[in-house]
Structures are given as C-alpha cells and as structure tokens.
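Undergrad: Got a structure here, written out as structure tokens. Questions coming.
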Amino acid sequence: MKKNLTIALAGNPNCGKTTIFNNLTGARQKVGNWPGVTVEKKEGRLGHGDYDIKVVDLPGTYSLTPFSIEEITARDFIIDNAPDIVINIIDASNLERSLFLALQIRELGRPVLFVLNMADMAQAKGIKIDEKKLSALLDLPVVFTIGNKNKGINTLVEAAIQEVKSFNQKQSFRTIRYGNEIEGCISKIEAALRLTKIENEDVLIRWKAMKILEDDKIIKEKILAQLLEKKTDILAQVVSCRSRIYDLFQDDFEIVLTDDRYGVIAGIVKETVTNLAIKRIDISRKIDLVLTDRFFGIPVFIFFIWAMFQLTFTLGAYPMGWIETCVGFLSTGLDGMMAQSMLKSLLLDGVLAGIGSVVVFLPNILILFFCIALFEDTGYMARAAFLMDRVMHTAGLHGKSFIPMLMGFGCNVPAIMATRTLENDKDRILTILMTPFMSCSARLPVYIILAGSFFAHKAGTVIFCLYLAGIIMAILSGRILRVLLFKGEDAPFVMELPPYRMPMLKSLLIHMWDRSKMFLKKMGGVILVGSIIIWVLSSFPKNISYSRDYDTLAANRSAQYLMKIKSADKDAATKLVLARTVELKSIENQKEQERISKSYIGMIGKGLEPLFKPIGIDWRASVALVTGFVAKEVVVSTMGVLYGVGKEGGKALETALKSSGMTPLSALSMMVFVLLYVPCFATVMAIYRESSAKWACFNVVYTTMVAWSMSFLVYQAGMILLG
Amino acid sequence: MSNRHEQEKKQFKRLFQQQGVDRFDDRFQVLEAFLKLEHHVTRKDVSRQLKEDGIHLPDGFVTDSMEHLCRFGFASRVDFDSGEDVFYEHLHLGVHHDHMVCVKCSAILEFKDEALEILQKKMADAHGFYMLQHKMEIYGLCSQCMANRKTQVPLHKAKPGEKLIVKELAAGKNMQLRISSMGLKIGDPIEVVSNGFGGQVVIAAGENRLVIGSGMAQKIWVQSVDRGPALGIHDAGGIKETSHEAFMSLSQMKAGQEATIVRVSGENQLRRRLLEMGINRGAIIYVEKYAPLKDPLELVVKGYHLSLRVEEAADILVENVKTKKR
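First to last, the protein sequences are chains H and P.
Going by my numbering, the first sequence opens with residue 1343, and the numbers climb by one from there.
Going by my numbering, the second sequence opens with residue 706, and the numbers climb by one from there.
Right, here's the structure in full:
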C-alpha cells in the first residue's frame, strides 16, 4: 500500500518554481483553476519509494497579504488543505527578499522545507550561504538545487519526506519574535483568542492574532463570525493595540511589522550569507544595456515582435500547406467511399470542413505560443512591459497589460486568460475588454483573402494597417472606458525585472503545449458544434423551388456538347470536352448559390442586409460575418460556399469575390468590421469566465457598435472621396 | 540698511495717512524705535527702546501699533515653538530668510541658502503643489550650547532626531543582559525617535525600533555622532556648503545615482506592495535607468531589479544621494 503525500510549492515569481515543478512531475501534470477564482492551478504527481506524492504548484507571490487573488489562494490552500509539507523555493541569489515570503509561510504552522534554488547563479555572484546556520536559525531543513540542471531534486524529495516524518514528533515550534511592542500586542490578542477556544493549534492562534492586528479584512471577518458575543471585547483590544503602535511609531501596525520583519531578515542574512565578491558578473545588466537602452530598446523590441510574426506566419505556412493537403485527401477519400446521403454531406461539409479550417492554423498557434513562452522564460516579457508601460499607461492600462494584448494577436482566448497576471481588478477587466481588438490569428485568413483579392501588391501594407487600427481602437477604448466606467487610481506598477535566463526547451514545450491545447479544445468543442449548426442552417430546408431547372439545363447542355463532340475532329473534340466540364461546373455552382440563398442562413443574411448595406457589405458577406461569431476562421469557409466556389476557397474564391461586385472599398470596410466586431464565441465564453456575464454582454454590444460605426465611417468616407 | 529704513519710513507715512490711521505721530515713533532694533524683538524690547528715546506710550498702544506694522508689511510676527513671547522682526519686502532656533538657550539665528530655496520650490513642484510662501525653522542646539554640553549624556536627555552612539551601559548585570537581549550593545549607532511619552524613549537601532523605559534610559550613556559644528554658520551669509543629507524624492534621482530610503508614503496598498518588494526604510537603492519613454524607471534594490512608475517613485523619499559608477 502506497502512502499519500501532498506537497505545496511556494515561492516568489521568477524563482524557478515552475522549473522545479516540471522536474518533479515531468509531463504528469494537470492544469486547471483554483475553485472559485481565476487563478491557474497546476497539479502533478510523482512516485518516490513508498510514496505517491501529489505536488501542487501555488501561485508565485512576494507576500501573503490579502491584496491579490494569488496571495489569498496560496494562503488559503496552506491553511485549509493543510498540505503535508510546504516547499518554499528561494532564489539563492536573492535571499533577503525571498525570506520575506518565507517567514510568512513559516508562520502558517505547516512543515516547511527551504529550497535554495539557482545555487550556481548565487555562486557566480559571489554569494555564499551557510545552509546549516540558516536551518538552525529557522528550525527547518534547507537544501540546495539547481533547477535548470535538474540537480538536487532527489535530495529535495528525500528531505521533504524526512521532514514530514519528523515534524509530527517535534515538541515545540520555534516562532520568530519581533520587536517588544509588536510582540506585546500579539500576545495580548493571542491570549484573548485563546480564551475563546476557537482554535486549538498554538501556531495558528498566533498567526490569527497577527492577522487581526494587521487589519486583514478576510481573516478578521472569519474570526469575528466565530466569536459571536466576545467580538466587541477583542475588537476593542485590537483597536487599542493598533493606536498604541501608531502613537509610538507614527505608522500602522502592518507597516511597523513589515519593517520588523525586514529587521529579522537582515539579521538572518547577516548571520548566514557571506559575500565573497570575487567578480560580480551581471550578464543581465549587460544585456539590458542594449535591450532597454534609451535608443535601441524600442527598435529592438519592434524587431522581436516583427521576427515573431515572420516566424509564425512564414515558417507556419509550410505545415499549413501539408495539413491542407491532408484534409483535401481525406475529404476526397470520404467522397469516393460513401454513397450520396445526408450523413455524407454532414461529415464532409459540416464536420470535416469545419475542423479542417481550424486545424490549418495549428502550426501558427504552436509557433506563436512557442515565441511567447520564449519571451516569458527568458525574462524579456517583463522588459517589454517596462518599455511599453508609458504607452499602455496612456490607454489607462498597466505595462503588464501589454503581455495579454500581445498574446491577443495569437488568439484572444489564452490572451484573456493571461490577464491573470494583473493584480488590480479594474486593470484586468479593462485589459480583457480591450484584448478582442487585437487582431487574432483567426482573423488573418479573412484579411488574406480580401486584401489578396483587392489590394494585390499592397496586401501586406493593408493588413499591417488593420493590425495597427486594432491597436489604436484598443487604446482609444481604454481611455474612454477608464474615464467612464473605471474611475479611480491606477494599480501601482511595481514589477520585478528578473535576470535573463537561458530558456529550457522542456519548459518552453510544456508552455507551448498547454496553450495550444486550449486552442485545440476550443476547436474540438465549440467549433465543431458551430460547423454543424452552420451546415444545418445552410442545408435546410431541403425542398427548394429553384427559379430554373438546373438539372434539366445541365442535361440539355451535356447532350448538346455530346452531339458536337461526335461531329468534330479529334483536336476540336478535346477542346469541347474541356468547355463542357467548365460549363457544367458553372451550372452546378449557380444551383448551389441559389440553394444557399434560399436556405435558412441565406434568409438570415438577407434579413440583416439593410443593416450591412450602409457599410458596403452584401448579403453573402453578411451571412459569413454572422457565422463568424462561432469562430472567425469560419468567415472564409462560409464565403467560399456562398460565392459558389465550394469549400476549396483559395484562388477560385478570389476570382469569385472579384466578380461578385465587391469593390476594394467594400472589402476594406468588411475587413475593418471583421477586425472589430464581436469576438468569437469561445472568446466571449472566456470573458464570461474571467470576469462576469455582465462584462461578456457588454463586450458583445460594445464591439459590435464600434465595428459598425468604424466600417460605416470607412465606407462612407471612401465613397465620398472616390466620388 | 539706513537707506532702506528711510524708504520704509516714507512708505509708512504714505500708507498710514492714506488709510487714516489715528495717532499717526505716535505710531511713527513706534516704527522708529522698532527699526532701531535689530533681529527678533518682543513688544517689551520696543517699549524699552521708546523709553530710552524719552517717549512714553502705554503698552497696549505699542502692541496695537506693532499689529498695524505687521498688517502693512513693515514687521512680521514670528512664533517659535520654544518661547511664550511673540517676536517681531523687520520685514523688508522681497527679502526672505529662515531661522535656526536653539532649544536650550533660545538663541535665534537667521540664515539663507539659495540651494535650499530652490530645493523647496522643487519639492513643491514635484508634488504638483504651488508654493505661496513657506516658513522654515531648524530646531537644535546652537554652537555655544553644543560646546558647553557634556560629551556623554544619559539617553533620557537626548533630543528627538539626534543621532547617537551607545558609549556605556551603567547598569547592573540583569539590566545589562536585558539591554543586550534587545539587541543593543556598546558602539551601536542609534537615533532618537521620540522622547518624553511617560519617560519612555523610542530609538531606532538599525532597522529596529526599540522602546526604552525611563529607568533604563538613564543608564544608557550616549554620545552624539556628529559632534562639533560640521556646518560653518555665518552671521549673514547662511550655510556655505549645502548638506548632502538633503532629502529628495526618488523620482528626482538621475540614472546612476544611489541613495538610502528615508520614507515610503502614499496610498496604503502601494506602500505595502513596495515594502514587500524590499523598498523599506534604510534600504539602499540604485537608479539603473529610465525607460526610453522616460517612464517607468528601473531600480536595483537588495540585489534585484525592479521597475516603478515615476509618479510612484515620487512617493519615496530618499537621502544620501550620490552618483555611483557600477
């Protein structure tokens, strides 16, 4: 029988926690959400001897105050789920700041193991840590690891198991003592709480006393709810303690305690760290001399973004071609194998066409997310935020909003999920609302077809301008919404610029895969359903009265050609055969077009026509736009069907579009509309999950209004200019 | 000086006659007596001067006249924290100076320093504050009192804000143990935070605040860190060299400068976030650079890099600013 253990990993952001988590659990991990909140929860398993160990990766935080969801989540997990041990990962080259969180974790009364990670980096910086002394001072085991070289991971697990075993036999738990005045207040409240007998564990009473004194709203309410009649007494004591501290130090209890904590930490650091100061190599600083330079910083940043897009779309074009060929092959195969039936039509035109049109983008998404993971893992993302904060700030956003915004170019769904890195709720919701204006990769095929058809050589410029327009719209909307809906202070922009690190392929691949999986899930579920709905809408009703009898016409023409071919000589006959095929095909397409125009979807499109007329979009394009709500990539395939070229799209669709009466201006208007209107169904669901139904609805209405007005402006202004 | 006084007298005549203030001649005598006196004078001093000149006026009238002089801008009232008396000094339009007040002998020194004036203006500007006027008083011990002072004093006699070094623990073994268990030992630098709340002395030792009871404070002998006049004070010339101890806000620092944090103010959430990130009192920060668009800025604190917006940096007060090559 294997024994179960639960390990919680805690630590500062950028301390190498994720690397250790990956090393511990390998690919056996599960990404989900913490219950009730939008913070990502990672879990993994590993077997070690007799033990079956569950590893939970807590959100990376600098502290355990109740100011951000991440911190509350981490704290609640340690208290409520009582993991067998908390492994506190500490950046060895940055002991002083890391200990601030470490001391707070230790106060929660669970067994703690300190892991001094990146020991090699510390050594290179000339820092030597006496781990025995540190262990003795804090009364807990300390081990060294080098996460990115996978060193010390086994020792870590061994030490963790050892500490769990010995912790239960421990007689006393050494607490850290602060200044006399602070301790006086704590013991006073502690004694008062002890009398109420709401908690048995000594450690937690002390912790709760500290939290009440710190005016921690969440803990205070929890305890007060349990206290009932003794509430007023304790509250009065707390108030008197706090005012006493204020009188003495001219500052709030929590600030004084923070100062005291740093005092204790300074003592620990003094005792355990020796600075050899051999040579202080600071490679990061050297890199930053260029990357955040006053002159080069921004050009280099733009170059990186450009390179990322080049990689994504140029390199991605090859596998895209292969996938297209495969899907084509599959559909031809199915076509040949199955008899003409409703099911065949569903499979071929509904399921396969739908999935095929999405799978095609998988290479793009993979490369894009690989690049973003590369930016994140090297530490460049923080620099991007540093460079762009000024710009983002003018939009009323935080520099960190740039990261989700940037990801919005890939796919809005993970981008909206990435807003979790923002601490302030206002900033988060605002960023979530702005992100859909970032032109996601699913919108690109629409631009490619339209710009390719109508702007030929200038297609690239037009598409670039569209991306730019999206960004400008986002900034404008940000400013407007900030003033109208989110009055008040901006969140503080306090962000660590972590040292540059060599990215690890394994971690890059895991990141890339996690996010691509999200994209695939969206495709598998929502888009499949969407494709089927569209197929139903476009295939029914079945019995349409055609204006002409296409079948008879086709048969007649075919017979006429047959006659001619018979009487003609060999060369002419070949030409006639070719001409016959073309004509028959065109008759078939005409039939299909009429069928669709009389299908449900045609009716919807025609119903919406008056709305779309002022922005230069005909009924077929408007149907395509409606279907785009399911997923933007569907717009192209719908257009393919509606313009009577079948699902092949490509060159045929371009020619069909040109001959359909669409002008460059109306194409531009349509592209602007696609850029700005309602994000796809999956994005709306993501907004709903990350904020609320209210904001999801607001977003749908707001984006549509913006899109229509902008397209209207473009089309009408263009009409006037062009005469 | 006398030329200026003549001008003042002319103006006085014009103003008082225009405003129709009664007993003009008597009041003019008060002005003359006042102008004869230099520096900071009380009503009594003016009366004494009048008597010497052979003029007898009731005290109430002199006080009333002095208030009139203040109203029309010939004199200005100065209330110092130490004294009970109201002081008057000459107010020469457009001429401004600041004061140093000795808390022991109540001597008042006038000084003026352009750099300080500019700094005050700069501080006000940095907070978007439009400065109308200001009053600057430095309380302390004058050079005379400082010279007469004993080198070592018991802690309970130290003044708030004084920077000291622990010299001797004149206490029994138990008390010595208690003192050292608080982390205080001979040779430690300390700063007096407050003194007098029920005999308790609050001191800052490094990053720690300690509260020391009156009994204990009497047994801890301390010596001032910067004894002797470090700054040359001249009668009229003000302070020659500007002190490098001047406070400034972090946002005013240039790239490549290092400083010590004195205080983090501002909104509570930001303050706590900054404290958590290691920006606490006494921490040494280095301004690495400003972003290409001048905002945010990058700092090095406790060995790691951090970025802050300029407006947030304005809430952080620093001292000991010096340029440092890295």
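The beta carbon of each residue, even a glycine, is placed where N, CA and C say it ideally should be.
Would you say I1620/H lies against chain P (beta-carbon separation less than 8 Å)?
TA: Caution is warranted here: a pLDDT of 47 is assigned to I1620/H, below 50, making its placement in the model unreliable, and the coordinate value is therefore given only provisionally. It does not: the Cβ of I1620/H has no partner Cβ on chain P nearer than 8 Å.
Undergrad: Can you name the residues that DSSP bridges to I917/P?
TA: Residue pairing by DSSP places I917/P opposite V906/P in a beta bridge.
Undergrad: How many Å lie between E2074/H and M1776/H at the Cα?
TA: The question about residue 2074/H has no answer, for chain H in this structure spans 1343 to 2065.
Undergrad: List the residues that DSSP assigns as beta-bridge partners of E815/P.
TA: H804/P
Undergrad: Please give me, in chain order, every unbroken run of the beta strand (DSSP E) with length at least 3 that falls completely inside the segment 972–1019 of chain P.
TA: 989–995, 1002–1006, 1009–1013
Undergrad: Please return the same chain residues whose Cβ sits closer than 8 Å to the Cβ of I1447/H, not counting the five positions on each side in sequence.
TA: A1352, L1406, I1420, V1428, N1430, V1454
Undergrad: Determine the closest residue to M982/P out of Y1604/H, L1631/H, E1613/H, with distance taken between C-alpha atoms.
TA: Y1604/H
Undergrad: Would you say the beta carbon of G866/P is closer than 7 Å to some non-hydrogen atom of the ligand ATP?
TA: With respect to the ligand ATP, the structure offers nothing, as it holds no ligand at all.
Undergrad: Taking the Cβ atom as the reference point for each residue, do D731/P and L762/P lie within a distance shorter than 8 Å?
TA: yes
Undergrad: In chain H, which residues lie less than 9 Å from D830/P when you measure between Cβ atoms?
TA: In chain H, no part has a C-beta under 9 Å from the C-beta of D830/P; the shortest such distance is about 21 Å.
Undergrad: So for I843/P, helix, strand or coil by DSSP?
TA: strand
Undergrad: Since S1626/H contacts Y1842/H with CB under 8 Å, what's their CB separation in whole angstroms?
TA: S1626/H to Y1842/H, Cβ: 5 Å. Contact.
Undergrad: Using a beta-carbon distance below 8 Å, is V992/P in contact with chain H?
TA: no
Undergrad: Grouping DSSP H, G and I as helix and E and B as strand, with all else coil, what is L1441/H?
TA: helix
Undergrad: In the DSSP assignment, what are the bridge partners of N1617/H?
TA: I1469/H
Undergrad: Find the residues of chain H that neighbour A852/P, judging by a C-beta separation of less than 7 Å, and give them in chain order.
TA: Result: empty, since nearest Cβ-Cβ is about 33 Å, beyond 7 Å.
Undergrad: Using a cut-off of 8 Å between C-beta atoms, extract the partners of E819/P located in chain H.
TA: Near E819/P there are no residues of chain H at all, since even the closest Cβ is about 32 Å away, more than 8 Å.
Undergrad: Name the DSSP beta bridge partners of K1493/H, please?
TA: I1488/H
Undergrad: Considering only C-alpha positions, which residue in the set I1395/H, N1522/H, A1973/H is nearest to I1587/H?
TA: N1522/H
Undergrad: Just to confirm, is the Cβ distance from V1968/H to L1950/H under 8 Å?
TA: yes
Undergrad: Strictly below 9 Å CB to CB, what residues from chain P border D1731/H?
TA: A996, L998, D1000, P1001, S1012, R1014
Undergrad: Please confirm if G765/P has its CB atom under 8 Å from at least one CB of chain H.
TA: no
Undergrad: Can you tell me which of A1801/H, V1702/H, L1690/H puts its alpha carbon nearest to the alpha carbon of A1784/H?
TA: Nearest Cα to A1784/H within the set A1801/H, V1702/H, L1690/H: V1702/H.
Undergrad: On the three-pair Cβ rule with 8 Å, is the segment 1715–1728 of chain H touching the segment 1852–1863 of chain H?
TA: yes
Undergrad: Could you work out which residues of chain P lie near E1438/H, taking near to mean beta carbons separated by less than 8 Å?
TA: The contacting residues are G983, K1007, G1008.
Undergrad: Taking DSSP as the reference, what is the three-state secondary structure of S970/P?
TA: Three-state DSSP puts S970/P in coil, outside helix and strand.
Undergrad: Using a Cβ-Cβ cut-off of 8 Å (strictly less than) and excluding sequence neighbours within five positions of L1336/H, which residues of its own chain qualify?
TA: Shown here, chain H extends from 1343 to 2065; a query on residue 1336/H therefore has no answer.
Undergrad: Just tell me which of S1819/H, L1879/H, L2007/H has its CA closest to the CA of Y2044/H.
TA: S1819/H
Undergrad: Across the segment 1522–1539 of chain H and the segment 1566–1584 of chain H, are there enough close Cβ pairs to call them in contact, namely three or more that are closer than 8 Å?
TA: yes
Undergrad: The beta strand (DSSP E) that contains M1837/H, what's its start and end?
TA: From DSSP, the beta strand (DSSP E) with M1837/H extends over 1837–1839.
Undergrad: Please report the straight-line C-alpha distance between S2001/H and A1737/H, rounded to a whole angstrom.
TA: 42 Å
Undergrad: For E867/P and Q857/P, I'd like the C-alpha separation in whole angstroms.
TA: Going from the Cα of E867/P to the Cα of Q857/P covers about 13 Å.
Undergrad: From the DSSP output, read off the bridge partner residues of T1028/P.
TA: Q962/P
Undergrad: Within 10 Å of its beta-carbon, does F1671/H have 16 or more other beta-carbons around it, so buried, or fewer, so exposed?
TA: An exposed status is given to F1671/H, since fewer than 16 other beta-carbon atoms sit within 10 Å of its beta-carbon.
Undergrad: Does DSSP put A792/P in a helix, in a strand, or in coil?
TA: According to the sequence displayed, residue 792/P carries Phe and not Ala. In this structure, F792/P counts as strand in the three-state DSSP scheme.
Undergrad: Are the CB atoms of L1676/H and L1690/H nearer to each other than 8 Å?
TA: Taking the C-beta atoms as reference points, L1690/H is found nearer than 8 Å to L1676/H.
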